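Taking our numbering, the leading residue of the sequence shown gets 891, the next gets one more, and so forth. Here's the structure, in structure tokens; my notes come after.
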Amino acid sequence: MNDDGLTVFPADYNSSYHLILKRGTEHYAYYYFKVDKLDQRVIFYDDVDRSGISIKTQITRLFMRELVKAIDWHPVGNSIIVEIYNVERQTSKATRLACDI
Numbered sequence: 891m892n893d894d895g896l897t898v899f900p901a902d903y904n905s906s907y908h909l910i911l912k913r914g915t916e917h918y919a920y921y922y923f924k925v926d927k928l929d930q931r932v933i934f935y936d937d938v939d940r941s942g943i944s945i946k947t948q949i950t951r952l953f954m955r956e957l958v959k960a961i962d963w964h965p966v967g968n969s970i971i972v973e974i975y976n977v978e979r980q981t982s983k984a985t986r987l988a989c990d991i
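Structure representation (structure tokens):
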């Protein structure tokens, strides 16, 4: 699904996705994320070396609304937990945010 420079497509199994953000004319940033609809949670794996820009700087209310729309999700309530792990997926080192949508 493509929506104003934000492209989301399914990854290897259910509730996991790839995200491509367009930056300028020829530049793209790639991210991998999972959705836990039961816990109202989105989990990003941040690969700054590959993406060139951290997903942390992208997390805004507008961005999350676009993302939720792109994966056709209707969260209960108006708040989602966002967890961000580095690419090594060290589970003890996550950034955790509450994001209103």
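Virtual Cβ for every residue (Gly too), placed ideally from N, Cα, C. Fair warning: this is a prediction, and the values are worked out from it, not measured in the lab.
CB-CB length for residue i against residue j, believed under 8 Å
i, j, result
"Asp936", "Val898", "Not a contact, Cβ separation roughly 16 Å."
"Lys927", "Tyr918", "At roughly 27 Å, the Cβ-Cβ gap does not stay under 8 Å, so Lys927 and Tyr918 are not in contact."
"Ile961", "Val925", "6 Å"
Sub-8 Å separation of residue i and residue j beta-carbons
i, j, result
"Arg951", "Ile971", "no"
"Tyr975", "Ile933", "yes"
"Arg940", "Glu973", "no"
"Pro965", "Ile991", "yes"
Buried or exposed by the 16-neighbour rule on C-beta atoms within 10 Å, applied to residue i
i, result
"Tyr920", "exposed"
"Ala988", "exposed"
"Asn892", "Residue confidence for Asn892 is low, a pLDDT of 48 falling below 50, so the modelled location carries little weight; the figure read from the coordinates is stated next. Burial call: exposed."
"Tyr903", "exposed"
"Ser969", "exposed"
Where the alpha helix (DSSP H) containing residue i begins and where it ends
i, result
"Phe941", "It is Ser, not Phe, that sits at residue 941 in the sequence shown. Its alpha helix (DSSP H) spans residues Val938 to Ser941."
"Val958", "Arg951 to Ala960"
Residue range of the unbroken beta strand (DSSP E) whose run includes residue i
i, result
"Ala919", "His917 to Asp926"
"Tyr975", "Ser969 to Asn976"
"Thr985", "Ala984 to Asp990"
"Val898", "Leu896 to Pro900"
"His908", "Ser906 to Arg913"
is_contact[residue i, chain D] using C-beta, thresh 8 Å
i, result
"Ala960", "Any reference to chain D falls outside this structure, which holds one protein chain only."
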